[in-house]
Ligand SMILES: Cc1cc2nc3c(=O)[nH]c(=O)nc-3n(C[C@H](O)[C@H](O)[C@H](O)COP(=O)(O)OP(=O)(O)OC[C@H]3O[C@@H](n4cnc5c(N)ncnc54)[C@H](O)[C@@H]3O)c2cc1C
């Protein structure tokens, strides 16, 4: 790998990281480096300073925060998918994280890096959006909290400013919900052509509430609100959920690329949403 | 866990020895070319064309030379007088167009990635940074991307005035006819015509290409990640005019090649010339994207195939018309690849007549060349697909149709319609075993059930009864095919004074396990422990004679040379032992490394004792030399013909187009097996690569000739996680063309599996009216094929 020249800083705490970022012209934060390194390698990014967050142990780990589960930005995919608290309160995140890349990438890549990178083909943004996660950010002007609905702005673009450090993401605890992440990819360890993150709550035979987030159906993760509305109060049966899923691609703007054309993605979104809802509903 | 038996000395051949190479390779104690360091070594980076086709109007490297750490910067013009033209060793026809191919472009570039200038710096970072300071201007010319468009009247030309008959992109036409094709087709009950596309593939060896060159006085040592150190040395000498005896080429540890390192590359030639000009060692190592763009590609053919048969399924004749994409230039064996395939289209089937024609086409893309199987996978794909189509057309089971047409085991040796004499084989045995292991009848029953119930997940079964020509090659035949060299191999075997053995082989291992297999052969022949054998290879000074490794030739040709050298060593040892034992040579028996006198109880003399006596030379028989070593060169009389039956079951999700490999059974007949673990490894890797062509891989270019799939994120190489557990077994019908009875296994899996997988998908989708799918059969393609077939059925129904 032959990137252009840059300086390298490894701060010891968040305050120092924020200070270094403020003092640099074109800094770039590095978490697990799994998405940043390719950008440097192809010389698509020319930062003057790379600020490596791997020394910030305070940003690593999962904590119980009452109504919320707080996951430090530097928690690796591997830690997230094996964490019992995540499995108990937010299983959708465990399921989706398990489908990310391969073991090597999952041992380095972080939840914070995935969300901050905001690749619409990434598996975690759709989960954060579907579950109404919140992003905890430290910047020059102090700390702030950004809801998922306001975090993903465009392709690889988020509400984070150059000087911001994403410190944690928190997910509401969701007892009594069923979950499924349906990922469709061309090879076992590849990015999603389309992914569907689904959460369903039922009252016996009736669906009371559903949340659906879509991966790679636009320049940001997309919430399938029409499907969510169509699910409310319907009988928890395969046919009704498949029927509700017919509007999964409404309002999306899926990309045309090497792995799929937009029309095929729309079709996949409908089929996979039906499947994801059914599995989340335990059918 | 496989445990290896520890029998000393005998019965090594056939035992699943763990590979000697692995402990070192797995623990990283390797010597890849990129690991090589030399005092004062400089690093080279190449500036590459961003255009598929353009005239170079100016190059200015002066600013690059001012960059920190930079020692020199050159354009193609700076080497125009000495860089020569990259060689093509296989001018398939006398009138084949053979355009100049300068290692660094001087006037015109013809593919994206072609080298136009280079920077030499103290480290690789400085070299890469300084590329941005080279000022180069181009005048873009039209790209020529599509083969058929390239042949159309008025197409822009890749090479002005150097195509066949000038003024065209047609590089050559190579025809072949046997039998009366017209009457075979005229009298036939069934004639089927199909067009198959062999997509362009990227070999993607694990280790990138890398080269280091060091000047030593007026001589040079060049290390390269190559499959062909010997051919490379010869070609470097011929290309640059540096005398052959002043060049030493070393292939250190080489991490795979699959044909892509069977090449003489621009970077190797330029490393030599830069070392000469700068009087310093230089190193260049490609990045993965650079490798994807500029290491030769594979396949890329359009195949128009027609088959004629009687109503009972007997095949009468076959016609094949190929367009083969050469890319922008003729590299080492570029035009030979499709021509080699010509002999394999008839496969294992008897027929009366066969015609073949191949048109080589220039396009503004990276040249194609040998890629695992080289011509034979293309041929096997076409024949195995169309034979299955024929079975469907006449309503016969595809295995039954094959039985009616294949050469039966009593008929060997058999000279087929393409003129090759298949020495041995037993297609019945391999097929019966494969069907039993696969559970053919049960799967067919399940397929019927799923069809009847309209299951959204349909099952399909693919059949591939392949053969291939291996053990390349009889020098005489290569000469007839206008190839520029022979196909022999050399080995020497020397017993050291302590009884240990050094084997020098001209085969050039790059991951196959030669060291282990050769040790097994020698241990058995000489009756010495497996551990006492060392195998030396891949260095033109250590193994001065060789023709290297490709075309599943190493064991068949190189292994036979080892056997013959062992026989000569034993001949010498026998003379000396007879002298030592005061016995008549003819009365000596040799078993397990010991000479004994037949019919007596006198003490044995070990081959190690003989080796020591030869070294001491105190008492040698009249005329004997003081050494126990010998050299042998083997040139095969004929090719060898591995064969086998591969059966594949796929599940196709008709809602999404997803294809799941449900089961894969491979029963191969590769003749004598020296090491079953190594053979299994070759079969597994080969299957993965053939399945990759069927389902995953494709080098895609846009209309401007840019390679769109230039990273491993876009060019999908499958991993173990994508593949099922393979069921493998073997039948053993030894080859009669070499004393080992071996046939070669390096390419079998790749050759056999592609049609088995695609055949299975088409079989699953037959109820929808699908007859073909373009490779790779991605979920999107499968889904569209189903949608299109449904649409066609609807509109047909509407018309009626
Ligand atoms: C081979 C491969 C396959 C992959 N497959 C998948 C897949 O299937 N699904 C999937 O979802 N992902 C996949 N990924 C991406 C993977 O999940 C990465 O880990 C992730 O995208 C980035 O995480 P990271 O910790 O490595 O971040 P980095 O690469 O270090 O950073 C990514 C970006 O986020 C910014 N950033 C990181 N952390 C912070 C922070 N705390 N505050 C502010 N900005 C920050 C960086 O500046 C950078 O711009 C794959 C990656 C590879 C290499």
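Protein chains in written order, with our numbering: chain W, 153 to 435; chain A, 501 to 1300.
All residues carry an ideal CB built from backbone N, CA and C; glycine is no exception.
**Q.** Residues that residue 304 of chain W contacts on chain A, provided the C-beta gap is smaller than 8 Å
**A.** Residues of chain A passing the Cβ test: none, with the nearest at roughly 21 Å.
Q) So the beta strand (DSSP E) residue 332 of chain W belongs to, where does it begin and stop? A) 330-336
(Q) Which residue marks the beginning of the beta strand (DSSP E) containing residue 675 of chain A, and which one marks its end? (A) It spans 670-678 - the beta strand (DSSP E) in which residue 675 of chain A sits, taken as one unbroken run.
Q: Classify residue 415 of chain W as helix, strand or coil using the three-state DSSP reduction.
A: helix
Q) Considering residue 1021 of chain A, what are the terminal residues of the alpha helix (DSSP H) in which it resides? A) 1014-1026
**Q.** Bridge partner(s) assigned by DSSP for residue 283 of chain W
**A.** According to DSSP, residue 283 of chain W bridges with nothing at all.
Q: Just the C-alpha distance for residue 538 of chain A and residue 629 of chain A, rounded to the nearest angstrom, thanks.
A: 22 Å
**Q.** Interface positions of the segment 1146-1158 of chain A facing chain W (Cβ-Cβ less than 7 Å), listed along the chain
**A.** Listed by position along the chain: 1155, 1156.
**Q.** Pick from W:414, W:351, W:321 that is closest to residue 227 of chain W, judged by C-alpha positions
**A.** Comparing alpha carbon positions, the residue from W:414, W:351, W:321 closest to residue 227 of chain W is W:321.
Q | Other residues of its chain near residue 577 of chain A: CB distance less than 6 Å, five sequence neighbours each side excluded | A | 606
Q) Quick one: which chain W residues come within Cβ less than 7 Å of residue 784 of chain A? A) What residue 784 of chain A touches in chain W: nothing, since even the nearest Cβ is about 12 Å away.
Q: Can you grab the Cα-Cα spacing for the pair residue 169 of chain W / residue 162 of chain W, in whole Å?
A: 8 Å
Q: Answer yes or no: does any C-beta atom of chain A fall closer than 7 Å to that of residue 423 of chain W?
A: yes
(Q) Once the 5 residues before and after residue 878 of chain A are set aside, which same chain residues still bring their CB inside 6 Å of it? (A) 698, 801, 841
Q | Beta-carbon neighbours of residue 1221 of chain A, restricted to chain W and to distances below 7 Å | A | Using a Cβ-Cβ cut-off of 7 Å, residue 1221 of chain A is close to 340, 341 of chain W, given in chain order.
Q: List the whole-angstrom C-beta distance separating residue 541 of chain A from residue 781 of chain A, where the pair is believed to meet the contact cut-off of C-beta under 8 Å.
A: 4 Å
Q: For residue 988 of chain A, return the contacting residues in chain W, with the cut-off set at a CB-CB distance below 9 Å.
A: By Cβ distance, chain W contributes nothing, its closest Cβ being about 42 Å from residue 988 of chain A, past 9 Å.
Q.
For residue 554 of chain A and residue 1065 of chain A, I'd like the C-alpha separation in whole angstroms.
A. Their backbone Cα atoms lie some 54 Å apart in a straight line.
Q.
So, under 8 Å CB-CB, residue 815 of chain A and residue 851 of chain A are touching, yes? Tell me the CB distance rounded to an integer number of Å.
A. 5 Å
Q.
Within a Cβ cutoff of 8 Å, which residues of the same chain sit near residue 1076 of chain A, ignoring the five residues on either side of it in sequence?
A. 1110, 1113, 1114, 1120, 1121, 1124, 1128
Q: Pull up the distance between the alpha-carbon of residue 1186 of chain A and that of residue 338 of chain W, whole angstroms please.
A: 20 Å
Q: Tell me whether residue 507 of chain A is buried or exposed, calling it buried when 16 or more other Cβ atoms sit within 10 Å of its Cβ.
A: With a pLDDT of 40 at residue 507 of chain A, under the threshold of 50, the modelled position of this residue cannot be trusted; read the value that follows with caution. By the neighbour-count rule (16 or more Cβ atoms within 10 Å), residue 507 of chain A is not buried but exposed.
Q. Thinking just about the alpha-carbon of each residue, which of W:156, W:430, W:192, W:410 is nearest to the one in residue 364 of chain W?
A. Closest in alpha carbon position to residue 364 of chain W, among W:156, W:430, W:192, W:410, is W:430.
Q) Is it the case that the CB of residue 159 of chain W approaches a heavy atom of ligand 1 more closely than 6 Å? A) no
Q. Any idea if residue 1051 of chain A is buried or exposed, counting beta-carbon neighbours within 10 angstroms, 16 or more meaning buried?
A. Buried: at least 16 other Cβ atoms inside 10 Å.
Q: For residue 566 of chain A, count neighbouring Cβ atoms within 10 angstroms of its own Cβ and tell me buried if that reaches 16, exposed if not.
A: exposed
Q) Which one of W:398, W:416, W:406, W:405 has the shortest CA to CA distance from residue 427 of chain W? A) W:398
Q | Proximity winner among A:772, A:876, A:1211, relative to residue 848 of chain A (alpha-carbon distances) | A | A:876
Q) Between residue 990 of chain A and residue 728 of chain A, what straight-line distance do the alpha-carbon atoms span, to the nearest angstrom? A) 14 Å
Q) Is the shortest distance between the beta-carbon of residue 1285 of chain A and the beta-carbons of chain W less than 7 Å? A) no
Q: Verify the CB distance criterion: does residue 1253 of chain A have a CB-CB separation below 7 Å to chain W?
A: no
Q: Identify which residue in A:859, A:813, A:821, A:911 has its Cα closest to the Cα of residue 904 of chain A.
A: A:813
Q. What do you reckon, is the C-beta of residue 409 of chain W under 6 Å from a heavy atom of ligand 1?
A. no
(Q) Restricting to Cα atoms, I'd like to know which of A:825, A:1053, A:1226, A:1130 is closest to residue 934 of chain A. (A) Among A:825, A:1053, A:1226, A:1130, the Cα nearest to that of residue 934 of chain A belongs to A:1226.
(Q) Can you look up residue 204 of chain W in the DSSP assignment and give me helix, strand or coil? (A) strand
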